[in-house]
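K.L.:
Protein chains in written order, with our numbering: chain X, 388 to 733; chain V, 38 to 141. We treat Cβ as the ideally placed atom computed from N, Cα and C, and that holds for glycine. Take a look at this one; I'll ask things after.
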Amino acid sequence: MKIWLFAVCLLFSTMQLSGQDSDVGSTHAGYLPVLSGGAGYIYNVNGGTPTLSPAINPVLLLPLGSHVLLESRAEFVGEFQRRNGNGDYTGQIFPYVDYAQVDWLANTHAIVVAGKYLTPFGLYDERLQPIWIATFQAPPLTYGIGTRTSGAGVGGELRGVIAQTENYSVQYAAYYSAHSNVEDLDAARTTGFDASIYFPAYRVEVGTSYQRFLDPRQINNEAEYISWQPPQIPLDVKAEADQSYWGHGYWIQAGYMLSQVPVANSFFKRMQLAGRMEQSFPDHGGGNGVPTLATQRPGVALNYYIKDDLRIVSSYERQFTSAKDVNIWNVGFTYRFVWPLWPERK
Amino acid sequence: MKMPQGRARIHLTVLITAIAAAAWIGGNVFALTDTNRPPTAPSAASQEINSKSGEKVFMENCARCHKPPMVISPRTTGTVVMHMRVRAKLSRQDEQALLRYLAP
Numbered sequence: 388m389k390i391w392l393f394a395v396c397l398l399f400s401t402m403q404l405s406g407q408d409s410d411v412g413s414t415h416a417g418y419l420p421v422l423s424g425g426a427g428y429i430y431n432v433n434g435g436t437p438t439l440s441p442a443i444n445p446v447l448l449l450p451l452g453s454h455v456l457l458e459s460r461a462e463f464v465g466e467f468q469r470r471n472g473n474g475d476y477t478g479q480i481f482p483y484v485d486y487a488q489v490d491w492l493a494n495t496h497a498i499v500v501a502g503k504y505l506t507p508f509g510l511y512d513e514r515l516q517p518i519w520i521a522t523f524q525a526p527p528l529t530y531g532i533g534t535r536t537s538g539a540g541v542g543g544e545l546r547g548v549i550a551q552t553e554n555y556s557v558q559y560a561a562y563y564s565a566h567s568n569v570e571d572l573d574a575a576r577t578t579g580f581d582a583s584i585y586f587p588a589y590r591v592e593v594g595t596s597y598q599r600f601l602d603p604r605q606i607n608n609e610a611e612y613i614s615w616q617p618p619q620i621p622l623d624v625k626a627e628a629d630q631s632y633w634g635h636g637y638w639i640q641a642g643y644m645l646s647q648v649p650v651a652n653s654f655f656k657r658m659q660l661a662g663r664m665e666q667s668f669p670d671h672g673g674g675n676g677v678p679t680l681a682t683q684r685p686g687v688a689l690n691y692y693i694k695d696d697l698r699i700v701s702s703y704e705r706q707f708t709s710a711k712d713v714n715i716w717n718v719g720f721t722y723r724f725v726w727p728l729w730p731e732r733k
Numbered sequence: 038m039k040m041p042q043g044r045a046r047i048h049l050t051v052l053i054t055a056i057a058a059a060a061w062i063g064g065n066v067f068a069l070t071d072t073n074r075p076p077t078a079p080s081a082a083s084q085e086i087n088s089k090s091g092e093k094v095f096m097e098n099c100a101r102c103h104k105p106p107m108v109i110s111p112r113t114t115g116t117v118v119m120h121m122r123v124r125a126k127l128s129r130q131d132e133q134a135l136l137r138y139l140a141p
């Protein structure tokens, strides 16, 4: 009740401050509170076991002026499986707060973040995880490296761009997270940084992440990644290698929009064909976010954009381990939304 | 070790309230600071960055992770671009170029 009351007060205060766009007076950009995010419905079959997974990930954006942003993403993910293998579907919805943070856009080089924030480690957690962005709905095998225990930290983060010219830009993030057992604000004690350099002429980004996991047992996690979108063709290549005390692995993914197909172009230009190869190897027994068996998982995906914000997704992956080889199928749809939460001020 | 439910809720409420208070104060202070600050001459480096077109910034940064949206309502552009500045670690100049491009 208190939280709802507080949320309403915050919404009013946001409306009050939305007119203070003194430094963007030359544009018509509005600073209304926004409810954004993604929704989807995925039918997954993993090793012959079907699972229905409806999901909604609302993102609430409350700007306070043009320098401070309050933002939060929640997730409501359902997991429904057949009772006793062939009965009715039964299961439950799992609500969770992915992040709840305040951002202070201090200057051109620095953004100060406080609260619960997504861990800036590698490519996946911060950038590719949203259901409406992910090319493959299943996270990579090595996702647990650098993102334990909740994919988020509770504390502070400094991020931004160090240097920028026409030829390159250097970006960074550095953070410290405290240990927290508070419900929906759970996190491990960690510290680390992420740094990347982007070459716009080639559309290539190369980066590295380092994390010191400070809860027992203290370990180092590292990642190196590359992202490439060649300007001439609608191709998106991403790859990441991860190392931890508990294991190591990599994933490489390429997605190609079929907009260059000469026949039925209006149909094919909305279609994306993608492939992903990933491997994970346990060290010191694995676990702690790393598979305990050496695992290989090649896969293909075919996604179709009905509209810019609505797409049909499908993928097939084959997972090989020493214990069992399984097929993993995903079929469903995803939807992205951006809605203003308040009428515009006159 | 899990905290008792009631205590966890109190902690959550206190934390959110503290964040909101800090955001409220910060928003007011910096909105005022910007209004009162006299315009300064841009450096050569920032002029170079300013000349970069918003469309170029849009294609170089937004498309790096997702399919860029066809339409963003001008009423929400400032908020969405702020969010993207944080997520994509954009510079202030890139943010300005995007705003001029998306909501001229």
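Tell me where the beta strand (DSSP E) around Q598 (chain X) begins and ends.
P.N.:
Taken as a continuous stretch (DSSP letters only), the beta strand (DSSP E) holding Q598 (chain X) covers V591 to F600.
K.L.:
Just reading off the beta strand (DSSP E) that T477 (chain X) is part of, what are its end residues?
P.N.:
Where T477 (chain X) is concerned, the enclosing beta strand (DSSP E) stretches over Y476 to L492.
K.L.:
Mind reading off the beta-carbon distance from Y585 (chain X) to Y555 (chain X)? Whole number of angstroms is fine, and I expect it under 8 Å.
P.N.:
Going by Cβ atoms, the distance from Y585 (chain X) to Y555 (chain X) rounds to 7 Å, so yes, they are a contact pair.
K.L.:
Do G417 (chain X) and N444 (chain X) have their CB atoms nearer than 7 Å?
P.N.:
Not a contact, by the Cβ cut-off of 7 Å.
K.L.:
Which residues of chain X have a Cβ atom closer than 9 Å to the Cβ of C99 (chain V), listed in chain order?
P.N.:
In chain order: nothing, as chain X lies at least about 11 Å away.
K.L.:
For the region 107 to 127 of chain V, which residues have a CB atom closer than 9 Å to at least one CB atom of chain X, in sequence order?
P.N.:
The region 107 to 127 of chain V vs chain X, Cβ under 9 Å: M107, V108, I109, S110, P111, R112, T113, T114, G115, T116, V117, V118, M119, H120, R122, V123, R124, A125, K126 and L127.
K.L.:
Verify whether the separation of the beta carbon atoms of K93 (chain V) and G547 (chain X) is less than 7 Å.
P.N.:
Result no, Cβ atoms of K93 (chain V) and G547 (chain X) do not sit closer than 7 Å.
K.L.:
With 7 Å set as the bound, which would you pick, yes or no: does the beta-carbon of R129 (chain V) sit closer than that to a beta-carbon of chain X?
P.N.:
Yes, because at least one Cβ of chain X sits closer than 7 Å to the Cβ of R129 (chain V).
K.L.:
Tell me, please, whether the CB atom of G642 (chain X) is closer than 7 Å to any CB atom in chain V?
P.N.:
No - not a single Cβ of chain V is within 7 Å of the one on G642 (chain X).
K.L.:
Quick one: using the 10 Å Cβ neighbour count with 16 as the cut-off for buried, is G64 (chain V) buried or exposed?
P.N.:
Confidence is the limiting factor: at G64 (chain V) the pLDDT is only 40, short of 50, which leaves the residue's position unreliable and the question unanswerable from this model.
K.L.:
Which residues in chain X have a C-beta closer than 8 Å to the C-beta of A134 (chain V)? List them in chain order.
P.N.:
Simply none; closest approach about 10 Å.
K.L.:
Quick check: F523 (chain X) and S702 (chain X), are their CB atoms within less than 7 Å of each other?
P.N.:
Going by C-beta atoms, F523 (chain X) is nearer than 7 Å to S702 (chain X).
K.L.:
What are the boundary residues of the beta strand (DSSP E) that includes P445 (chain X)?
P.N.:
T436 to L451 is the extent of the beta strand (DSSP E) around P445 (chain X).
K.L.:
For V123 (chain V), count the other beta carbons within 10 Å of its own beta carbon; 16 or more makes it buried, fewer makes it exposed. Which is it?
P.N.:
Classification for V123 (chain V): buried.
K.L.:
By how many angstroms is the C-alpha of T721 (chain X) removed from the C-alpha of D581 (chain X)?
P.N.:
Distance between the alpha carbons of D581 (chain X) and T721 (chain X): 29 Å.
K.L.:
Would you check if the region 421 to 440 of chain X and the region 709 to 721 of chain X touch, i.e. whether three or more CB-CB distances between them fall below 8 Å?
P.N.:
With the cut-off at 8 Å, the region 709 to 721 of chain X and the region 421 to 440 of chain X touch.
K.L.:
Using CA atoms only, rank isn't needed, just tell me which of X:Y559, X:A565, X:G676 and X:P420 is closest to L451 (chain X).
P.N.:
It is X:P420 whose Cα lies nearest to the Cα of L451 (chain X).
K.L.:
In the DSSP assignment, the alpha helix (DSSP H) including D623 (chain X) goes from what residue to what residue?
P.N.:
No alpha helix (DSSP H) contains D623 (chain X), which is instead part of the beta strand (DSSP E) from L622 to S631.
K.L.:
Output, in chain order, the set of chain V residues within a Cβ distance shorter than 9 Å of E627 (chain X).
P.N.:
Per Cβ cutoff of 9 Å: no residues; E627 (chain X) is ~14 Å from chain V at best.
K.L.:
So which residues on chain V does N444 (chain X) lean against when the C-beta distance must stay under 8 Å?
P.N.:
Under the 8 Å cutoff, chain V gives no residues; its nearest Cβ is about 14 Å from N444 (chain X).
K.L.:
Take the Cβ of Y476 (chain X) as the centre, count every other Cβ of all protein chains shown within 10 Å, and call the residue buried at 16 or more, exposed below.
P.N.:
When all chains shown are included, Y476 (chain X) counts as exposed.
K.L.:
Helix, strand or coil for D131 (chain V)? Go by DSSP, reduced to three states.
P.N.:
If DSSP states are grouped into helix, strand and coil, D131 (chain V) belongs with the helices.
K.L.:
Using 7 Å as the limit for Cβ to Cβ distance, is T534 (chain X) near chain V?
P.N.:
Taking Cβ atoms only, chain V never reaches closer than 7 Å to T534 (chain X), which makes this a no.
K.L.:
Do three or more CB pairs link the region 640 to 658 of chain X to the region 617 to 628 of chain X at distances below 8 Å?
P.N.:
As far as the Cβ criterion goes, the region 640 to 658 of chain X touches the region 617 to 628 of chain X, which means the pair count is three or higher.
K.L.:
Under DSSP, the beta strand (DSSP E) around V687 (chain X) begins and ends at which residues?
P.N.:
Per DSSP, V687 (chain X) belongs to the beta strand (DSSP E) from T682 to K694.
K.L.:
According to a CB-to-CB cut-off of less than 9 Å, which residues of the region 513 to 537 of chain X neighbour chain V?
P.N.:
Under the 9 Å Cβ criterion, the region 513 to 537 of chain X contributes E513, R514, L515, P517, W519 and I520.
K.L.:
In this structure, what does DSSP give as the bridge partners for E462 (chain X)?
P.N.:
E462 (chain X) pairs with X:Y483.
K.L.:
The beta strand (DSSP E) that contains P113 (chain V), what's its start and end?
P.N.:
The sequence shown places Thr at residue 113 (chain V), rather than the Pro named in the question. Premise fails: T113 (chain V) lies in the alpha helix (DSSP H), P111 to A125, not in any beta strand (DSSP E).
K.L.:
What residue range does the beta strand (DSSP E) around N714 (chain X) cover?
P.N.:
First-last of the beta strand (DSSP E) with N714 (chain X): V713 to P727.
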